[in-house]
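*Asks:*
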Ligand code: ACO
């Protein structure tokens, strides 16, 4: 009996808005914070924010187009956009993105798993391919978190950012570079208030009063989020590595969700991943939620930072709470522009 196809990552692309916001720029300059605090507590020096009028879908189209070019793929069987900041509550952003990319009447849906969105999308795309429901899949993580951030809240304004990253998966073999060998996901819905937008959903409609407008912004219990993130990313990574039979010391590329450099360092240390394997861009990109992992991947491909076939571990944690991890071999993708 023929083995089911394996999802192989064959293309990657990204899009960052042009506007660079440094720690010393507005709106941070008027907050009770400092460049020194932000750098030392988060690892962030600057981030990108969209100009008014640019949507998550706009960034997703650009990242998706770059990933399709990189994979030399003209058509796909599925488009998934993972995002916390869709263009509209309804309809989903993915069908519009698929149409803008000229992909025809393909299935297209949004996936909401906060900062773990990309690991969830990777698991979903892989499952469609393994089940024979798709041969080629476009996964896009895209966010405009600046649109749901309260610029006066120093606990969130300094960390959240905008951007999009995308990958193409196609049906292939387990021994090909880019093969997604395992994925693992989890959730704990008792932790809703770790990071939540209180109003604007069905539980609490959009506030009318100006003094309640902040309720439409993302609020985060930073220190609690920090410790849950470390614990869950460590656990899920260890379980995943055990499942694929890779000693942590053999991991050659490690990309954690770029939430906080101190979280990433701690997870790498606890899991036992070599420091030389750790890839990241939080310093200049900040926390772009669903977009964060594919943004780092695209940068690493352009920098030729990892050899094809290298053992790669991805992990993320986000509001919900939700977490995930994936083991793959590094794809063989020629760097584009
Ligand atoms: N500038 C200066 N001081 C600040 C700032 C700031 N920007 N933010 C908080 N502080 C203060 C606090 O008020 C507090 O002061 P106090 O001691 O007088 O009360 C002190 O600094 C320490 O505050 P903490 O909140 O404990 O700071 P911490 O070191 O935890 O850093 C941060 C805050 C960066 C938010 C951190 O907690 C973090 O990164 N958390 C995890 C984020 C995460 O995992 N996100 C992933 C998912 S997000 C999603 O899914 C949408």
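Residue numbers (this note's numbering): 7 to 343.
Cβ coordinates follow ideal geometry from the N, Cα and C atoms, glycine included.
So residue 116 packs on residue 98, CB below 8 Å; how close in whole Å?
*Replies:* Residue 116 sits at position 110 when you count from the first residue of the chain shown. Residue 98 sits at position 92 when you count from the first residue of the chain shown. So it is a contact: roughly 4 Å between Cβ atoms.
*Asks:* Look at the alpha carbon of residue 150 and the alpha carbon of residue 179, and state the distance between them as a whole number of angstroms.
*Replies:* For the purposes of this step, residue 150 is identified with residue 144 of the chain shown, where counting begins at 1. For the purposes of this step, residue 179 is identified with residue 173 of the chain shown, where counting begins at 1. Taking the straight line from one Cα to the other gives about 35 Å.
*Asks:* Is the beta carbon of residue 30 closer than 8 Å to that of residue 41?
*Replies:* Position 35 of the chain shown, counted from the start, is the residue given in the question as residue 41. Position 24 of the chain shown, counted from the start, is the residue given in the question as residue 30. Yes, the Cβ-Cβ distance between residue 41 and residue 30 is below 8 Å.
*Asks:* Straight-line CA distance for residue 126 to residue 33?
*Replies:* Locating residue 126 in the chain shown gives position 120, counting from the first residue. Locating residue 33 in the chain shown gives position 27, counting from the first residue. One C-alpha to the other measures close to 33 Å.
*Asks:* Would you kindly report the start and end of the unbroken alpha helix (DSSP H) that includes residue 135?
*Replies:* Numbered from its first residue, the chain shown carries residue 135 at position 129. Segment 123–136, the alpha helix (DSSP H) holding residue 135.
*Asks:* Just curious, the alpha helix (DSSP H) that residue 91 is in, first and last residue?
*Replies:* As a first step, residue 91 is located in the chain shown; it is residue number 85 there, counting from the start. Careful: residue 91 lies outside any alpha helix (DSSP H) and carries neither H nor E.
*Asks:* Check whether the Cβ atoms of residue 54 and residue 169 lie closer than 8 Å to each other.
*Replies:* For the purposes of this step, residue 54 is taken as residue 48 along the chain shown, with counting starting at 1. For the purposes of this step, residue 169 is taken as residue 163 along the chain shown, with counting starting at 1. A contact, by the Cβ cut-off of 8 Å.
*Asks:* Sorry if obvious, but does the Cβ on residue 299 come closer than 7 Å to a heavy atom of ligand 1?
*Replies:* The residue given as residue 299 occupies position 293 in the chain shown. Because no heavy atom of ligand 1 lies under 7 Å away, the Cβ of residue 299 does not count as near it: no.
*Asks:* I need the straight-line Cα distance from residue 283 to residue 16, nearest angstrom please.
*Replies:* Position 277 of the chain shown, counted from the start, is the residue given in the question as residue 283. Position 10 of the chain shown, counted from the start, is the residue given in the question as residue 16. Rounded to whole angstroms, residue 283 to residue 16 spans 21 Å at the Cα level.
*Asks:* Going by the CB atoms, is the gap between residue 159 and residue 223 shorter than 8 Å?
*Replies:* To locate residue 223, count along the chain shown from 1; it is residue 217. To locate residue 159, count along the chain shown from 1; it is residue 153. Yes, the pair counts as a contact, with Cβ atoms nearer than the cut-off.
*Asks:* In terms of residues, what are the limits of the alpha helix (DSSP H) holding residue 290?
*Replies:* Locating residue 290 in the chain shown gives position 284, counting from the first residue. That run of the alpha helix (DSSP H) goes 288–291.
*Asks:* Residue 225 CB to nearest chain D CB: under 8 Å?
*Replies:* The chain inventory of the structure shown lacks chain D, comprising one protein chain alone.
*Asks:* At 3 residues or longer, what runs of the beta strand (DSSP E) sit wholly inside the segment 28–71?
*Replies:* Correct list: 52–54.
*Asks:* Look at the Cβ atom of residue 51, then the Cβ atom of residue 289, and state whether they are nearer than 8 Å.
*Replies:* As a working note, residue 51 is residue 45 in the chain shown. As a working note, residue 289 is residue 283 in the chain shown. It is a contact, given that the beta carbons lie within the stated cut-off.
*Asks:* Between residue 59 and residue 165, what straight-line distance do the alpha-carbon atoms span, to the nearest angstrom?
*Replies:* On the chain shown, residue 59 is found 53 positions in, with the first residue counted as 1. On the chain shown, residue 165 is found 159 positions in, with the first residue counted as 1. Those two C-alpha atoms are separated by around 21 Å.
*Asks:* State the Cα-Cα distance for the pair residue 199 and residue 9, rounded to the nearest angstrom.
*Replies:* Here residue 199 corresponds to residue number 193 of the chain shown, with the count starting at 1. Here residue 9 corresponds to residue number 3 of the chain shown, with the count starting at 1. Going from the Cα of residue 199 to the Cα of residue 9 covers about 43 Å.
*Asks:* Can you name the residues that DSSP bridges to residue 203?
*Replies:* Translated into positions along the chain shown, residue 203 becomes position 197. According to DSSP, residue 203 bridges with 224.
*Asks:* Tell me, please, which residues DSSP counts as bridged to residue 175.
*Replies:* Position 169 of the chain shown, counted from the first residue, corresponds to residue 175. Bridge partners of residue 175: 15, 143.
*Asks:* Let me make sure I understand the geometry here. Which of 286, 297, 242, 236 has the alpha-carbon closest to that of residue 272?
*Replies:* Taking the chain shown and counting its residues from 1, one reaches residue 272 at position 266. The residue with the shortest Cα to Cα distance from residue 272 is 236.
*Asks:* Can you give me the C-alpha to C-alpha distance between residue 148 and residue 251, rounded to a whole angstrom?
*Replies:* Mapped onto the chain shown, residue 148 falls at position 142. Mapped onto the chain shown, residue 251 falls at position 245. Rounded to the nearest angstrom, the two C-alpha atoms are 32 Å apart.
*Asks:* Along the chain, where does the beta strand (DSSP E) containing residue 261 start, and where does it finish?
*Replies:* For this step, residue 261 is matched to residue 255 along the chain shown. Note, residue 261: beta strand (DSSP E), 259–262.
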